[in-house]
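Positions 0 to 156 (numbering that gives the first Met the number 0) are the ones given, in order, by the sequence shown. Note that beta-carbon positions come from the ideal geometry of N, C-alpha and C, so glycine has one too.
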Amino acid sequence: MTKKIWDFRNFRERKKKDQGGYSLVELMVVIVIMVILASVSIGVYNGYVERAKNAVAYEKGHRIAEALKICEAEYGLSGTISLDRLSAISGDLMKKPNDPDSLLYEYVGEDTDDCTDFTVSLKKIDTASVEIQGFTYTADTYEITWTEDDGVEVTMK
0 MTKKIWDFRN FRERKKKDQG GYSLVELMVV IVIMVILASV SIGVYNGYVE RAKNAVAYEK
60 GHRIAEALKI CEAEYGLSGT ISLDRLSAIS GDLMKKPNDP DSLLYEYVGE DTDDCTDFTV
120 SLKKIDTASV EIQGFTYTAD TYEITWTEDD GVEVTMK
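Next comes the structure, spelled out in structure tokens:
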């Protein structure tokens, strides 16, 4: 009686049957790689979202500043303004840009629906005149400040 030491035919068939799936270690490695990629991409994504929000606020600030300059030219408010002239239009000038009675509404009204507070800054020149210095636009999540000297500044809340 001879004893078979090695049967190549059965070995190949068994080997083909054993290679039908992935091992637990291989699956765990893939899962770990996916988790690492997801955590890196979430950090990058959050940075993009914050920068996009800041860009929108800066752009809105520039549009309001341009609208204020247009109103200054249109209503004779550039340079020194007499207190009599200012009192005639101050109600409409000081209203929020999203108020239909505001001087700025025509230019930026629909884009400023998130406005919660709006203030125009004035500088006293003498006892009978002032000059527009800038504005502060407040929304729920940010505040935009504009001055002639510093330009637009956005503060996120």
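Cβ-based neighbour list, residue i, same chain, cut-off 7 Å, excluding 5 preceding and 5 following
i: Ala-127; result: Ser-81, Leu-82
i: Leu-76; result: Cys-70, Ile-131
i: Asp-113; result: Ala-138, Asp-139
Beta-carbon separation (whole angstroms), residue i vs residue j, contact threshold 8 Å
i: Thr-115; j: Ala-138; result: 6 Å
i: Glu-93; j: Val-119; result: Reading the sequence as shown, one finds Met at residue 93 and not Glu. Met-93 to Val-119, Cβ: 6 Å. Contact.
i: Asp-91; j: Lys-59; result: Contact doesn't hold; Cβ gap of about 20 Å is too wide.
Host beta strand (DSSP E) of residue i (start-end)
i: Glu-73; result: Looking at the DSSP string, Glu-73 is not in any beta strand (DSSP E); the run it does join, the alpha helix (DSSP H), is 23-73.
i: Leu-121; result: 114-125
i: Ser-77; result: No beta strand (DSSP E) holds Ser-77; DSSP gives it neither H nor E.
i: Gly-20; result: Note, Gly-20: premise wrong, no beta strand (DSSP E); not H, not E.
i: Thr-111; result: Looking at the DSSP string, Thr-111 is not in any beta strand (DSSP E), and its letter there is neither H nor E.
i: Glu-130; result: 128-138
i: Glu-152; result: 150-155
i: Glu-142; result: 141-146
Beta-carbon proximity of residue i to residue j, cut-off 8 Å
i: Val-151; j: Ala-66; result: no
i: Leu-103; j: Pro-96; result: yes
i: Ile-124; j: Thr-79; result: yes
Residues near residue i in its chain [Cβ-Cβ closer than 8 Å; skip 5 each side]
i: Lys-156; result: Asp-139, Thr-140, Tyr-141, Glu-142
i: Lys-52; result: Thr-140, Tyr-141, Met-155
Segment limits, alpha helix (DSSP H) that includes residue i
i: Glu-105; result: 104-107
i: Ser-89; result: 82-93
Any C-beta of chain B under 8 Å from that of residue i
i: Asp-83; result: Here there is only one protein chain, and chain B is not present.
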